[in-house]
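**Student:**
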Amino acid sequence: PVADAALHADALEEACALEDENVAAGQMPPASTAMGPKRGRVSSSASITGPIASITGPLASIALHRRPSGVRTATGQNVDGDIDEDEDEDDALTAEPDILPKELSTHWTGFLTEIFVFRNTVMPSLLPQIALAFFLGIFAQMFKRLMCGADVVAAAECQTTFDITGHQVVSVSLGFLLVFRTDWAYDRYYEGKQSLGQLYNGLRNLNVCFVNYLRENKPGERAAFEASGASNLHGWGDAGPQLTDSPSRAPRESFRSSIAKITEDRAELLRLTNVLYATMRHILRDIRVGTPEGHEVTDEDCVKIDATGKPPLPDLLREGESERLLALMPSNRCNWIAMRIQIITETHRRLGNISERAAFEIYQQLEICLSAYKSMERIVSTPIPFTYLHMLQFILFFFVFSAPF
């Protein structure tokens with residue numbers, strides 16, 4: 074996975090360099106032909122702008138998306154140099170039907186077809202109650218005919234029936250409770266969807282920052298201390314420059330890491346963003362809900378197997394990291410991953426490989442990701458008050474099942 078991340082990062086840098094050269098020469102081709110003859114379009118699952126490719130792995134994107142036929146670069150080429158001529162499709166537009174939002178059909182028969190949809194609806198859980206209400210209604214009618222005869226047309230004419238006044242009084246409060254419950258549920262859904270979008274945007278922006286900020290200077294670019302003038306240096310001597318208290322403005326000749334180290338840490342940061350999303354997904358969904366087939370998933374299964382991950386978490390972890398994650402509480406793992414991202418970022422800020430402004434942007438985006446995670450965790454861990462639900466279910470039960478009488 075680290076090698077894949079390095080390939081994608083290098084390919085993005087090459088594409089940016091080629092674009093800069095074309096702009097400088099005044100020969101910038103159209104976007105559709107900028108990268109040469111017909112090539113496979115850049116897949117959104119292999120780019121930094123396509124986090125919506127899958128809800129289970131939005132950042133398999135820039136770093137760790139594996140393909141059976143080899144790794145493709147950002148220009149549509151495989152590692153061996155071959156061009157995918159027949160893979161001209163955007164993965165962001167081909168999502169699984171089960172994860173797409175459902176909407177009512179616009180066809181003229183949609184009114185009937187949408188009502189009797191069984192799969193992926195609440196119908197399976199409601200069928201027992203509907204069947205019970207149906208047979209109870211038949212029993213109530215037969216009982217009234219037996220006790221009061223077939224000529225009864227009003228409830229007051231039969232002693233075994235309820236007066237309609239009680240249902241009319243209860244219906245007002247019941248309607249208010251149902252509307253309040255529905256509005257509450259939609260607010261939770263909307264807030265969860267909003268937080269998930271913030272998480273996607275934050276992780277995508279983190280990857281953009283890593284690729285663009287953590288790199289060596291290109292030809293013509295100057296180091297921070299050169300661009301700001303001699304005010305950052307007290308003087309030059311045989312021992313080299315005397316530095317100010319701002320390590321990010323130190324000369325690169327004094328503190329610069331090797332290109333290999335920068336590339337390695339950049340790939341590590343891209344890998345950690347995938348691990349960060351996976352740990353959040355486990356605590357928010359997999360451990361609570363289980364597999365799509367309804368099977369229970371344990372914490373150890375999430376870390377060592379991760380059947381729903383794309384890519385699975387074991388493919389992203391280094392040796393010994395699975396034991397380290399299992400030693401931590403599931404809700405605290407994302408904080409540990411965020412700490413590692415901050416350590417790498419701060420190290421390169423002190424070495425001068427990342428400016429203070431870029432480091433601040435990375436910290437800010439990481440804070441957005443953690444805030445979105447805490448918001449989603451609050452939603453899934455805060456149920457609707459039991460007293461309210463019990464009162465609603467109690468009134469609704471007697472209202473529905475006493476109506477036939």
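In my numbering, the protein residues as written are 74 to 478. The C-beta atom is built at its ideal place from N, Cα and C for all residues, glycine as well.
Name the two residues that bound the continuous alpha helix (DSSP H) containing residue 184.
**Tutor:** Working through the sequence shown from its first residue, we reach residue 184 at position 111. First-last of the alpha helix (DSSP H) with residue 184: 183 to 188.
**Student:** For residue 478, which of helix, strand or coil comes out of DSSP?
**Tutor:** Here residue 478 refers to the residue found at position 405 when the sequence shown is read from its first residue. Three-state result, residue 478: coil.
**Student:** Determine whether the beta carbon atoms of residue 283 and residue 343 lie at a separation below 9 Å.
**Tutor:** One-based indexing of the sequence shown puts residue 283 at position 210. One-based indexing of the sequence shown puts residue 343 at position 270. A contact, by the Cβ cut-off of 9 Å.
**Student:** Have a look at 461, 415 and 470 and flag the residue whose alpha-carbon is nearest the alpha-carbon of residue 279.
**Tutor:** Counting from 1 along the sequence shown, the entry for residue 279 is found at position 206. Of the candidates 461, 415 and 470, the one whose C-alpha sits nearest the C-alpha of residue 279 is 415.
**Student:** Please give me, in chain order, every unbroken run of the beta strand (DSSP E) with length at least 3 that falls completely inside the stretch 224 to 290.
**Tutor:** As far as the stretch 224 to 290 is concerned, it has no whole beta strand (DSSP E) run of at least 3 residues.
**Student:** Hey, quick one: how far does the alpha helix (DSSP H) through residue 425 stretch, first residue to last?
**Tutor:** By one-based count along the sequence shown, residue 425 stands at place 352. It is not in any alpha helix (DSSP H) - residue 425 carries neither H nor E in the DSSP assignment.
**Student:** Could you compute how far the alpha carbon of residue 339 sits from the alpha carbon of residue 194?
**Tutor:** Numbered from 1 along the sequence shown, position 266 holds the residue referred to as residue 339. Numbered from 1 along the sequence shown, position 121 holds the residue referred to as residue 194. Their Cα atoms are separated by approximately 44 Å.
**Student:** Between the alpha carbons of residue 460 and residue 264, how many angstroms are there, rounded?
**Tutor:** Mapped onto the sequence shown, residue 460 falls at position 387. Mapped onto the sequence shown, residue 264 falls at position 191. Whole-angstrom Cα-Cα distance: 23 Å.
**Student:** Three-state secondary structure (DSSP) at residue 473?
**Tutor:** Along the sequence shown, one-based indexing puts residue 473 at 400. Looking at residue 473 - three-state DSSP - the assignment turns out to be helix.
**Student:** Could you check what DSSP says for residue 373 in three-state terms: helix, strand or coil?
**Tutor:** Here residue 373 refers to the residue found at position 300 of the sequence shown. Of the three classes helix, strand and coil, the one that applies to residue 373 here is helix, per DSSP.
**Student:** Can you tell me the Cα-Cα spacing of residue 519 and residue 255, whole angstroms?
**Tutor:** Past the edges of the chain, shown from 74 to 478, lies residue 519, and the structure says nothing about it.
**Student:** Give me the Cβ distance between residue 472 and residue 247, rounded to the nearest whole Å; I'm assuming they're in contact under 8 Å.
**Tutor:** Counted from its first residue, the sequence shown places residue 472 at position 399. Counted from its first residue, the sequence shown places residue 247 at position 174. About 6 Å; that satisfies the 8 Å criterion.
**Student:** Can you give me the C-alpha to C-alpha distance between residue 183 and residue 176, rounded to a whole angstrom?
**Tutor:** Here residue 183 corresponds to residue number 110 of the sequence shown, with the count starting at 1. Here residue 176 corresponds to residue number 103 of the sequence shown, with the count starting at 1. The alpha-carbon atoms of residue 183 and residue 176 are separated by roughly 11 Å.
**Student:** Between residue 212 and residue 186, what straight-line distance do the alpha-carbon atoms span, to the nearest angstrom?
**Tutor:** Taking the first residue of the sequence shown as 1, we reach residue 212 at position 139. Taking the first residue of the sequence shown as 1, we reach residue 186 at position 113. Distance between the alpha carbons of residue 212 and residue 186: 30 Å.
**Student:** Residue 455 and residue 435 look like a contact to me (Cβ under 8 Å); what is the Cβ gap, rounded to whole Å?
**Tutor:** Counting from one through the sequence shown, the residue named residue 455 turns up at place 382. Counting from one through the sequence shown, the residue named residue 435 turns up at place 362. So it is not a contact: roughly 30 Å between Cβ atoms.
**Student:** So the candidates are 224, 240, 260 and 423; which of them puts its Cα closest to the Cα of residue 477?
**Tutor:** Taking the first residue of the sequence shown as 1, we reach residue 477 at position 404. Of the candidates 224, 240, 260 and 423, the one whose C-alpha sits nearest the C-alpha of residue 477 is 240.
**Student:** When DSSP labels each residue in this structure, what does residue 405 get in the three-state scheme?
**Tutor:** Locating residue 405 in the sequence shown gives position 332, counting from the first residue. Correct three-state label for residue 405: helix.
**Student:** Quick one, which of 381, 373, 367 and 384 has its alpha-carbon nearest residue 403's?
**Tutor:** Within the sequence shown, the letter at position 330 stands for residue 403. It is 373 whose Cα lies nearest to the Cα of residue 403.
**Student:** At the level of alpha carbons, what is the spacing between residue 253 and residue 398?
**Tutor:** Position 180 of the sequence shown, counting from 1, holds the residue named residue 253. Position 325 of the sequence shown, counting from 1, holds the residue named residue 398. Going by the C-alpha atoms only, they are around 41 Å apart.
**Student:** From residue 245 to residue 445, what distance separates their C-alpha atoms?
**Tutor:** Here residue 245 corresponds to residue number 172 of the sequence shown, with the count starting at 1. Here residue 445 corresponds to residue number 372 of the sequence shown, with the count starting at 1. Distance between the alpha carbons of residue 245 and residue 445: 38 Å.
**Student:** For residue 227, count neighbouring C-beta atoms within 10 Å of its own C-beta (all shown protein chains included) and say buried if the count is 16 or more, exposed if not.
**Tutor:** Looking up residue 227 in the sequence shown gives position 154. With fewer than 16 Cβ atoms within 10 Å of its Cβ, residue 227 is classed as exposed.
**Student:** Here's the rule I'm using: 16 or more other beta-carbon atoms within 10 Å means buried, otherwise exposed. How should residue 336 be labelled?
**Tutor:** Taking the first residue of the sequence shown as position 1, residue 336 is located at position 263. By the 10 Å Cβ count, residue 336 comes out buried.
**Student:** What would DSSP say about residue 30, mapped onto helix, strand or coil?
**Tutor:** What is shown of the chain runs 74 to 478, which leaves residue 30 out entirely.
**Student:** Beta carbon of residue 15, beta carbon of residue 441: below 9 Å?
**Tutor:** Nothing can be reported for residue 15, as the shown portion of the chain is limited to 74 through 478.
**Student:** Select from 267, 332 and 270 the residue whose C-alpha is nearest the C-alpha of residue 290.
**Tutor:** If you number the sequence shown from 1, residue 290 lands on position 217. Here the closest residue by C-alpha is 332.
**Student:** State the Cα-Cα distance for the pair residue 395 and residue 262, rounded to the nearest angstrom.
**Tutor:** Counting from 1 along the sequence shown, the entry for residue 395 is found at position 322. Counting from 1 along the sequence shown, the entry for residue 262 is found at position 189. Straight-line Cα distance between these residues: approximately 32 Å.
**Student:** Where does residue 378 fall in DSSP's three states?
**Tutor:** In the sequence shown, counting from the first residue as 1, residue 378 sits at position 305. Three-state DSSP puts residue 378 in coil, outside helix and strand.
**Student:** By the DSSP assignment, the alpha helix (DSSP H) with residue 216 in it spans what residues?
**Tutor:** For the purposes of this step, residue 216 is taken as residue 143 along the sequence shown, with counting starting at 1. 196 to 221 is the span of the alpha helix (DSSP H), which, as asked, contains residue 216.
**Student:** Among residues of its own chain, excluding the 5 on either side of residue 250, which ones have a beta-carbon nearer than 6 Å to its beta-carbon?
**Tutor:** Looking up residue 250 in the sequence shown gives position 177. Same-chain partners within the cutoff: 465.
**Student:** So, at 7 Å on beta carbons, what are the nonlocal neighbours of residue 346 in its own chain, with the 5 sequence-adjacent residues on each side left out?
**Tutor:** By one-based count along the sequence shown, residue 346 stands at place 273. So the list reads 132, 276, 279 and 280, once near-sequence residues are dropped.
**Student:** Label residue 273 either buried or exposed according to how many other C-beta atoms from any shown protein chain fall within 10 Å of its C-beta, with 16 as the threshold for buried.
**Tutor:** By one-based count along the sequence shown, residue 273 stands at place 200. Looking at its Cβ environment, which holds 16 or more other Cβ atoms inside 10 Å, residue 273 is buried.
**Student:** Spatial neighbours of residue 243 within its chain, please: C-beta separation below 6 Å, excluding the five flanking residues on both sides.
**Tutor:** As a position in the sequence shown, residue 243 is number 170, starting the count at 1. The answer, listed in chain order, is 472.
**Student:** Pick out whichever of 431, 271, 393 and 285 has its Cα sitting closest to the Cα of residue 90.
**Tutor:** One-based indexing of the sequence shown puts residue 90 at position 17. Per the Cα distances, 285.
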